[in-house]
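K.L.:
The opening residue of the sequence shown carries number 1 in UniProt numbering; numbering runs sequentially from there.
Where is the CB? At the ideal position from N, CA and C, for every residue including glycine.
My questions all concern the structure below.
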Amino acid sequence: MKLFETYIVRRVGMMFLVALLPVLAIIWTTQVLQRINLVTDSGQSMGSFAKLATLILPTIIPIVLPFALVIGITQTLTAMNSDSELTVMEAAGAKRSIIIRPIMILAIAISAFSFFVDNSVEPRARVAARQMVAEAYADLLSTVIEEKNFRRIEDGLYVQISQRMSGRILKGLFVVDSRDPAFDLIYYAKEGAVDPSGTSLLMKDGEVHRKTPDGNVSVIKFDSYSFDLSDMTQSRGQANLRASDRSLGFLFNPDPNDPDYKTRPGSYRAELHRRLNEWALPAIFALISLVIAGDARSHREARLHPMVSALTIAFALRWADFYAANQIDNSPRFVGILYAINIIAAAIAIALLMRNRKMSMPVSIRNRLSNWRQRVQDRMPAAPGGGSNGSGA
């Protein structure tokens, strides 16, 4: 790679990281905070929470990478144009490929990295995160619930214990079950225990209060009672894998006996084509950025900032991809539309670059923008001392 190409790659790469890291940190923080209930509800340590937060990171990297690259390319090329570097290159007869080649090499490398994360790292991280959450709730009753504190097990089900003894024995049980809208159940028991399989709560020497919506209450005393936990433990004791958690090989050849695949086969088709399409977005967005910002422009020319234009087109393209991928679940004909969107966008950008065409606003829009900017400047107060000192010497 030539010296000037290395210079461009270094500048674009630095700006790419400057844009990537803050945005990635913000999105990562919002995603992590949505899962803070792992600590508050299941009593897990902060170390477990930090591990879960780390597993979330690969799921957002492929989403942020293309837009960070757009910012890095447009901001770097705009700065080079402002410093007249692009003008000097054009005046010296340098080919446009001296800018295109290093940027596209960087974009293709980022696309390859995105493919690796999306198809190798992210599925494993998703499976590990699901399994971690499942295990955190699997033995919630016998090991996590604090003594003399109410704990929500799930919506409508609350438990309190007075004392935890050895051998999984629980003293002073109080259970409130309002999951059935037809009646509320309140259980009191002097002693109880979770069976070794975790599928039932065995209560001894207690009573159950059954309250109906009309206010009638019936009380039943019992010597022994078994409270069923099978529905809860089956869903919480093991991770239920979805299409987004599967490897690329599984998506190409799904197991026909897999319960989730039999329930939602369309989601596996949609996930496969999403992964085969999404990884190329950094390279496509780089082509769009080069078309918009890769040529020398006059400082007097009225135009939107290249970053605004490139990001607008990138967001529109990303939204179109997202919509088409979601529609594949119910309508397979959107598979062709999904690929056509990016192929057409890339083909148009390549054609404009090969013909050395400059993207510019229509004259009417340019004039309106110029007039609007002039009106804003006229209404702004003049700077103190600006233009009132004259030119006396």
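Span of the alpha helix (DSSP H) holding K2?
P.N.:
Going by DSSP, K2 is part of no alpha helix (DSSP H) at all; its letter is neither H nor E.
K.L.:
In the structure shown, what three-state DSSP assignment does F227 receive?
P.N.:
strand
K.L.:
Roughly how many angstroms lie between the CA atoms of H305 and S97, to the nearest whole one?
P.N.:
23 Å
K.L.:
Can you look up M132 in the DSSP assignment and give me helix, strand or coil?
P.N.:
helix
K.L.:
Please classify R379 as buried or exposed, where buried requires at least 16 neighbouring CB atoms within 10 angstroms.
P.N.:
exposed
K.L.:
Using C-beta distances below 8 Å, list every residue in its chain close to A310, excluding the 5 sequence neighbours before and after it, in chain order.
P.N.:
V70, I73, T74, F285, I288, S289, I292 and A293
K.L.:
Using DSSP's beta-bridge definition, name the partner residues of Q163.
P.N.:
The beta-bridge partner set that DSSP reports for Q163 consists of K171.
K.L.:
Do V23 and A53 have their C-beta atoms closer together than 9 Å?
P.N.:
Going by beta carbons, V23 and A53 fall outside the 9 Å limit.
K.L.:
Spatial neighbours of A283 within its chain, please: C-beta separation below 6 Å, excluding the five flanking residues on both sides.
P.N.:
Once the five neighbours on either side are set aside, the close Cβ partners of A283 are A107, I108 and S111.
K.L.:
Judging by CA-CA distance, which residue of I328, M307 and N257 is the nearest neighbour of Y268?
P.N.:
For the options I328, M307 and N257, the alpha carbon positioned closest to that of Y268 is the one of I328.
K.L.:
What is the DSSP secondary structure of G156, counted as helix, strand or coil?
P.N.:
Here G156 sits in coil by DSSP.
K.L.:
Secondary structure at R151, three-state DSSP: helix, strand or coil?
P.N.:
strand
K.L.:
Counting only runs of 4+ residues fully inside the stretch 299-342, write out the alpha helix (DSSP H) ranges in chain order.
P.N.:
306-328
K.L.:
Using DSSP's beta-bridge definition, name the partner residues of R275.
P.N.:
Paired residues: none, contrary to the question.
K.L.:
Near G13, which residues of its chain fall below 8 Å by C-beta distance, leaving aside the five closest residues on each side in sequence?
P.N.:
Excluding residues within five positions, the ones whose Cβ falls inside 8 Å are G72 and L106.
K.L.:
Which value, in whole angstroms, describes the spacing of the CA atoms of V217 and A182?
P.N.:
13 Å
K.L.:
What do you get for W319, buried or exposed, if any count of 16 or more other CB atoms within 10 angstroms of its CB means buried?
P.N.:
exposed
K.L.:
Return helix, strand or coil for G294, following the three-state DSSP convention.
P.N.:
coil
K.L.:
Determine the contact status of L202 and R179, defining contact as a CB-CB distance below 9 Å.
P.N.:
no
K.L.:
Between K204 and G192, is the Cβ-Cβ spacing less than 9 Å?
P.N.:
yes
K.L.:
State the DSSP-derived secondary structure class of F252, mapped to helix, strand or coil.
P.N.:
helix
K.L.:
Just grab the DSSP bridge partners of E207 for me.
P.N.:
Y188 and K221
K.L.:
To the nearest angstrom, how far is it from the Cα of R130 to the Cα of V376?
P.N.:
54 Å
K.L.:
Identify whether S178 lies in helix, strand or coil by the three-state DSSP scheme.
P.N.:
Secondary structure at S178: coil, using DSSP grouped into helix, strand and coil.
K.L.:
Quick check: V176 and D184, are their CB atoms within less than 9 Å of each other?
P.N.:
Cβ atoms of V176 and D184: closer than 9 Å.
K.L.:
What does the alpha-carbon distance come out to for the pair A325 and L272?
P.N.:
Whole-angstrom Cα-Cα distance: 10 Å.
K.L.:
Does the Cβ-Cβ distance between I63 and I27 come in under 9 Å?
P.N.:
yes
K.L.:
Can you tell which of A91, F113 and L86 has the C-alpha that lies nearest to the C-alpha of I100?
P.N.:
L86
K.L.:
Rounded to whole angstroms, what's the CA-CA distance from A19 to R10? Just pull it up for me.
P.N.:
If I take the Cα positions, the gap works out to 14 Å.
K.L.:
Flag this pair as yes or no: are the beta carbons of S200 and D245 separated by less than 9 Å?
P.N.:
no
K.L.:
Cβ of F183 less than 9 Å from any chain D Cβ?
P.N.:
The structure shown contains no chain D; it is built from a single protein chain.
K.L.:
Report yes if the CB atom of L173 is closer than 9 Å to the CB atom of I186, and no otherwise.
P.N.:
no
K.L.:
Is L281 closer than 9 Å to D321 when the C-beta atoms are compared?
P.N.:
Yes.
K.L.:
According to DSSP, is L281 helix, strand or coil?
P.N.:
helix
K.L.:
If you measure between the beta carbons of V32 and I56, is that distance less than 9 Å?
P.N.:
Going by C-beta atoms, V32 is nearer than 9 Å to I56.
K.L.:
Alpha carbon to alpha carbon, how far is L3 from P66? Give it in angstroms, no decimals.
P.N.:
26 Å
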